[in-house]
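Remarks on the structure that follows.
In the numbering used here, the protein residues as written are 2 to 119.
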């Protein structure tokens, strides 16, 4: 059973930066894709970014140019560096992992709150 533990959320002013971390433990396939989604109050959970085991990335349009996803395979950890944060980035950020052949088979973390003040 895979477990994901996020850290790094918090309160930041507009224009500030944060780095989120997500450590995976348990029975995880080394080829799993890892990534981040976010959910603002009253809205659906949306993709932020994903990264495959060999480093290929996908970003939501809202994240391009400001956010960077990376991973350390030896540590089964994924990071999300967020720069130039805006109030619209305020949300609960969820770490996710899944085997590439079965992207619907997602395991979620508990979420970490990111709040950007204006």
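Here a beta-carbon is modelled for each residue, glycine too, at the ideal position from N, C-alpha and C.
Our two residues, residue 38 and residue 95, have alpha carbons roughly 5 angstroms apart in a direct line. With respect to the C-alpha of residue 58, the residue from 48, 70, 76 and 19 having the closest C-alpha is 70. Sequence-distant Cβ neighbours of residue 99 in its own chain, meaning closer than 8 angstroms and more than five residues away, are 33, 34, 105, 106, 107 and 108.
Restricting attention to beta strand (DSSP E) runs no shorter than 3 residues, the stretch 66-117 encloses them at 68-73, 78-83 and 92-99, ordered along the chain.
In the structure shown, the three-state DSSP call for residue 49 is strand.
Following the DSSP letters along the chain, one finds residue 6 inside the beta strand (DSSP E) bounded by residues 4-8.
Taking each of 84, 118, 15 and 36 in turn and checking the Cα distance to residue 22, the smallest one comes out for 36. Spanning the alpha carbons of residue 62 and residue 24 requires a straight line of approximately 25 angstroms. DSSP places residue 119 in the coil class of the three-state scheme, outside both helix and strand. The DSSP-derived three-state label of residue 57 is coil. In the DSSP annotation of this structure, the continuous segment of the beta strand (DSSP E) that includes residue 26 starts and ends at 19-26.
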